[in-house]
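Q: Protein chains in written order, with the numbering used here: chain A, 22 to 270; chain B, 22 to 270.
Every residue gets a Cβ at the ideal spot worked out from N, C-alpha and C, and that includes glycine.
Since the model is a prediction, treat every value here as computed from it, not as a measurement.
2 protein chains.
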Amino acid sequence: MQAHDRSDDTTVDGTSRTSFKALYTELRDRICLLDYPPGTVLSENKLAAEFGVSRTPVRRVLHALEFDGLVESKQALGTIVTALDLRELKQVYALRLKLIDLVAELPPGPMTDRDIDLLDDLGERVSALRDDDARPRALGALYQTFHQELGRLTGNRPLREITDRFFHQTSRVWLQLLPEMTWTREVDAMVEEIHAVRDALVAQDLRRVSEVRRHHFRACLRRMNAVLAGQDLVDEVLRAADGSEVAPT
Amino acid sequence: MQAHDRSDDTTVDGTSRTSFKALYTELRDRICLLDYPPGTVLSENKLAAEFGVSRTPVRRVLHALEFDGLVESKQALGTIVTALDLRELKQVYALRLKLIDLVAELPPGPMTDRDIDLLDDLGERVSALRDDDARPRALGALYQTFHQELGRLTGNRPLREITDRFFHQTSRVWLQLLPEMTWTREVDAMVEEIHAVRDALVAQDLRRVSEVRRHHFRACLRRMNAVLAGQDLVDEVLRAADGSEVAPT
DNA sequence: TGGCGCCAACCTGTATACAAGCTAGCGACC
DNA sequence: GGTCGCTAGCTTGTATACAGGTTGGCGCCA
Numbered sequence: 022m023q024a025h026d027r028s029d030d031t032t033v034d035g036t037s038r039t040s041f042k043a044l045y046t047e048l049r050d051r052i053c054l055l056d057y058p059p060g061t062v063l064s065e066n067k068l069a070a071e072f073g074v075s076r077t078p079v080r081r082v083l084h085a086l087e088f089d090g091l092v093e094s095k096q097a098l099g100t101i102v103t104a105l106d107l108r109e110l111k112q113v114y115a116l117r118l119k120l121i122d123l124v125a126e127l128p129p130g131p132m133t134d135r136d137i138d139l140l141d142d143l144g145e146r147v148s149a150l151r152d153d154d155a156r157p158r159a160l161g162a163l164y165q166t167f168h169q170e171l172g173r174l175t176g177n178r179p180l181r182e183i184t185d186r187f188f189h190q191t192s193r194v195w196l197q198l199l200p201e202m203t204w205t206r207e208v209d210a211m212v213e214e215i216h217a218v219r220d221a222l223v224a225q226d227l228r229r230v231s232e233v234r235r236h237h238f239r240a241c242l243r244r245m246n247a248v249l250a251g252q253d254l255v256d257e258v259l260r261a262a263d264g265s266e267v268a269p270t
Numbered sequence: 022m023q024a025h026d027r028s029d030d031t032t033v034d035g036t037s038r039t040s041f042k043a044l045y046t047e048l049r050d051r052i053c054l055l056d057y058p059p060g061t062v063l064s065e066n067k068l069a070a071e072f073g074v075s076r077t078p079v080r081r082v083l084h085a086l087e088f089d090g091l092v093e094s095k096q097a098l099g100t101i102v103t104a105l106d107l108r109e110l111k112q113v114y115a116l117r118l119k120l121i122d123l124v125a126e127l128p129p130g131p132m133t134d135r136d137i138d139l140l141d142d143l144g145e146r147v148s149a150l151r152d153d154d155a156r157p158r159a160l161g162a163l164y165q166t167f168h169q170e171l172g173r174l175t176g177n178r179p180l181r182e183i184t185d186r187f188f189h190q191t192s193r194v195w196l197q198l199l200p201e202m203t204w205t206r207e208v209d210a211m212v213e214e215i216h217a218v219r220d221a222l223v224a225q226d227l228r229r230v231s232e233v234r235r236h237h238f239r240a241c242l243r244r245m246n247a248v249l250a251g252q253d254l255v256d257e258v259l260r261a262a263d264g265s266e267v268a269p270t
């Protein structure tokens, strides 16, 4: 259950546990990074052949992904990468916004200088993408790393798990909208968020971390909303959040 | 082909989804109501035989329960109902306490007079248990119904799902401690909670509902803590929940 | 009698065979 | 030519055979 160890391949003693997690992570990333766009039909047989196992472990992973809402298995039809249901995801966004605050309200996890260095390195790697051609997948992967790193300072493990789960449920939205958005602005926003979080962490101010994340989260929602003009994706989310936050009526 | 003979409660018409859910709910309830006490070894073969299916669907359900933290499958050993790890569950309690508030901060679900009637009926059924001999399992089942009914007023589906999951993760603790606690006091507390929630619902005051639930939640934690004197189960939870920043140790 | 060792009976994890069902596409018929 | 119907080839769900491994008990030996 420990996510810390980065065991590369399947060790003989670890057997099924590591194998499952590796397969799960691989497929989840392929979906979340749009290597498998929504609507893609995944065949258990083909995946089993690709990874050199039988259908059984593949099925187990697919069931887990189905529980996560990333795929949907339909009898005699196939296992299909779910479409982005904005009506559903709006609720997830609203909840994520609330959960950000909880991180600061519960005991924090361990934080070392090494993590700061990692954030600095991450910021540089993001910056490096700024003036090249738009590479949404690379940026998405880096933001995923950023999120993963931030998860470490959530001492409450159940909270960390659901935060992670909801992140992966929604991360595809931004990534899919990215080509229609202003590349440099998105990169700049991410760099700024990383730096601001870094500074707040150095000051050991968890509340400020939450503030920063909330601010950027909402800004990102607004930018996405601009692209989705007419659909009013996140308006309701922001209203619901502001209402209870600013002035309890 | 043998599965048809045993089709008394699980009909085959509703594909696999209904079958899965029925099996999952059944086993989860058995665990949460302590029909399977912690440490119980569940055999896939025996369960498959009992429900008239093969190991395959049983395994799927057990994997889901493992994800929920209710069982743990160990190679060549068996699938074992998890022991109550208070250190882990403390975090779940702390999170549950926070999530109670979120219900009132997010759009509510539909609520009809029928639900009020259901709560009234539930209150009476709980009261009926008061002066008989202690029947922890019956009380636990009723509280589970209460929780399920309350879930309806959580409009945010992801929140409802995780609330439900965390509830089932922790419900065994109270149930296991129940025999050592004062029966009538527990019954009275539950009746009072149901009535208070009912009244707040009639007034359409979701915040008061959360207040009531939070109050009873904490009171229950304290009562459990008294029984667990020396282990300091929930002390930390309450301290963390009271909002003050916790210094990293 | 106490201790060591082996073996049989389980268990779960994996691979495979079979069942049921949907769909695309082709062929026959109007 | 257009439409209907059927079949072949997929798919997932289920059942079963096999592999690897642990455990408890029985028997043998000191």
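How far does the alpha helix (DSSP H) with B:Ser334 in it reach, from first residue to last?
A: In the structure as shown, chain B starts at 22 and stops at 270, and residue 334 of chain B therefore has no counterpart that could be examined.
Q: If you run the structure through DSSP and keep just helix, strand and coil, what is B:Leu227?
A: In the second sequence, residue 227 of chain B corresponds to position 206, counting from 1. Looking at B:Leu227 - three-state DSSP - the assignment turns out to be helix.
Q: Of all the residues that make up the segment 83–96 of chain A, which are near chain B by a beta-carbon distance shorter than 8 Å?
A: Going along the segment 83–96 of chain A in chain order, one finds His84, Ala85, Phe88 and Gln96 with a Cβ nearer than 8 Å to chain B.
Q: If you run the structure through DSSP and keep just helix, strand and coil, what is B:Pro129?
A: Position 108 of the second sequence holds residue 129 of chain B. Residue state, collapsed to three classes: strand.
Q: Report buried or exposed for B:Arg181, applying the criterion of at least 16 other Cβ atoms within 10 angstroms of its Cβ.
A: Working through the second sequence from its first residue, we reach residue 181 of chain B at position 160. Buried, because 16 or more other Cβ atoms sit within 10 Å of the Cβ of B:Arg181.
Q: Let me make sure I understand the geometry here. Which of A:Leu63, A:Gly99, A:Val92 and A:Val147 has the alpha-carbon closest to that of A:Val212?
A: By 1-based counting over the first sequence, the position of residue 212 of chain A is 191. Taking only the C-alpha atoms, the option nearest A:Val212 is A:Val147.
Q: At the level of alpha carbons, what is the spacing between B:Phe167 and B:Lys42?
A: Residue mapping note: residue 167 of chain B aligns to position 146 of the second sequence, counting from 1. Residue mapping note: residue 42 of chain B aligns to position 21 of the second sequence, counting from 1. The alpha-carbon atoms of B:Phe167 and B:Lys42 are separated by roughly 20 Å.
Q: Could you check whether the Cβ of B:Val79 sits closer than 9 Å to any Cβ belonging to chain A?
A: Residue mapping note: residue 79 of chain B aligns to position 58 of the second sequence, counting from 1. No, because no Cβ of chain A sits closer than 9 Å to the Cβ of B:Val79.
Q: Relative to the alpha-carbon of B:Met245, which residue among B:Arg81, B:Ala162 and B:Gln197 has its alpha-carbon at the smallest distance?
A: Counting from one through the second sequence, the residue named residue 245 of chain B turns up at place 224. Out of B:Arg81, B:Ala162 and B:Gln197, B:Gln197 has the C-alpha closest to the C-alpha of B:Met245.
Q: Please list the partners that A:Gln2 has in chain B, where partner means a Cβ-to-Cβ separation under 9 Å.
A: Residue 2 of chain A is absent from the model: chain A starts at 22 and stops at 270.
Q: Identify which residue in B:Thr77, B:Leu140, B:Leu110 and B:Ile101 has its Cα closest to the Cα of B:Gln169.
A: Counting from 1 along the second sequence, the entry for residue 169 of chain B is found at position 148. The shortest C-alpha separation from B:Gln169 is found at B:Leu140.
Q: For B:Ile183, which residues in chain A fall below 7 Å Cβ to Cβ?
A: Walking along the second sequence from the start, residue 183 of chain B turns up at place 162. What B:Ile183 touches in chain A: Ile183.
Q: Mark A:Glu126 as exposed unless 16 or more other C-beta atoms lie within 10 angstroms of its C-beta, in which case mark it buried.
A: Counting from 1 along the first sequence, the entry for residue 126 of chain A is found at position 105. It counts as buried.
Q: List the residues of chain B that A:Phe187 touches, going by C-beta distances under 8 Å, in chain order.
A: Here residue 187 of chain A refers to the residue found at position 166 when the first sequence is read from its first residue. Residues of chain B passing the Cβ test: Pro179.
Q: Helix or strand or just coil, what does DSSP make of A:Phe167?
A: The residue you call residue 167 of chain A lines up with position 146 of the first sequence. DSSP places A:Phe167 in helix when its eight states are reduced to three.
Q: Under a Cβ-count criterion, where at least 16 other Cβ atoms within 10 Å of its own Cβ denotes burial, should B:Val223 be classed as buried or exposed?
A: As a working mapping, residue 223 of chain B is identified with position 202 in the second sequence. With fewer than 16 other Cβ atoms within 10 Å, it is exposed.
Q: For a contact meaning CB atoms closer than 9 Å, what does B:Ala104 contact in chain A?
A: The residue given as residue 104 of chain B occupies position 83 in the second sequence. Ordered by position in chain A, no residue passes the 9 Å Cβ test against B:Ala104, which lies about 15 Å from the chain.
Q: Pull up the distance between the alpha-carbon of B:Val258 and that of B:Tyr114, whole angstroms please.
A: Here residue 258 of chain B refers to the residue found at position 237 of the second sequence. Here residue 114 of chain B refers to the residue found at position 93 of the second sequence. Cα to Cα, B:Val258 sits roughly 7 Å from B:Tyr114.
Q: Quick one: list the residues of chain A neighbouring B:Leu123, beta-carbon separation under 7 Å, in chain order.
A: Against the second sequence, residue 123 of chain B aligns to sequence position 102. Here the neighbours are Lys119.
Q: Would you mind working out which of A:Ile215, A:Pro131 and A:Arg135 sits nearest A:Val230, comparing C-alpha positions?
A: Along the first sequence, read from residue 1 onward, the residue named residue 230 of chain A stands at position 209. The residue with the shortest Cα to Cα distance from A:Val230 is A:Ile215.
Q: At 7 Å on the CB atoms, spell out the chain A contacts of B:Ala221, in chain order.
A: Position 200 of the second sequence, counted from the start, is the residue given in the question as residue 221 of chain B. Correct list: empty, because the minimum Cβ distance to chain A is about 16 Å.
Q: With a 10 Å radius around its C-beta and 16 neighbouring C-beta atoms as the bar for buried, classify B:Thr184 as buried or exposed.
A: Counting from one through the second sequence, the residue named residue 184 of chain B turns up at place 163. B:Thr184 comes out buried.
Q: Let me know the secondary structure DSSP gives A:Val33 once reduced to three states.
A: In the first sequence, residue 33 of chain A corresponds to position 12, counting from 1. Residue placement at A:Val33 is flagged as unreliable, the pLDDT there being 36, under the threshold of 50; the coordinate-derived value follows with that caveat. In this structure, A:Val33 counts as coil in the three-state DSSP scheme.
Q: Does any C-beta atom of chain A lie closer than 9 Å to the C-beta of B:Leu116?
A: Residue numbering aside, residue 116 of chain B sits at position 95 when the second sequence is read from its first letter. Yes, its Cβ sits closer than 9 Å to a Cβ of chain A.
Q: Assign B:Ser148 to one of three DSSP states: helix, strand, or coil.
A: Taking the first residue of the second sequence as position 1, residue 148 of chain B is located at position 127. Helix at B:Ser148.
Q: Which of helix, strand or coil does DSSP assign to A:Leu258?
A: The sequence position of residue 258 of chain A within the first sequence is 237, counting from 1. Residue identity check: residue 258 of chain A is Val in the sequence provided, not Leu. Correct three-state label for A:Val258: helix.
Q: Is any beta-carbon of chain A found at less than 9 Å from that of B:Ser37?
A: As a first step, residue 37 of chain B is located in the second sequence; it is residue number 16 there, counting from the start. So yes, B:Ser37 belongs to the interface.
Q: Using a Cβ-Cβ cut-off of 9 Å, state whether B:Glu109 counts as contacting chain A.
A: The sequence position of residue 109 of chain B within the second sequence is 88, counting from 1. Yes, B:Glu109 counts as interfacial toward chain A.
Q: Is A:Gly90 helix, strand or coil by DSSP?
A: Walking along the first sequence from the start, residue 90 of chain A turns up at place 69. Coil, per DSSP.
Q: Going straight from the alpha carbon of B:Ile121 to that of B:Arg239, what length do you get?
A: Mapped onto the second sequence, residue 121 of chain B falls at position 100. Mapped onto the second sequence, residue 239 of chain B falls at position 218. Roughly 11 Å separates the two Cα atoms.
Q: Between A:Arg27 and chain B, is the shortest Cβ-Cβ distance under 9 Å, so that the two count as touching?
A: Here the question's residue 27 of chain A lines up with position 6 in the first sequence. Residue confidence for A:Arg27 is low, a pLDDT of 33 falling below 50, so the modelled location carries little weight; the figure read from the coordinates is stated next. Chain B contact via Cβ: absent.
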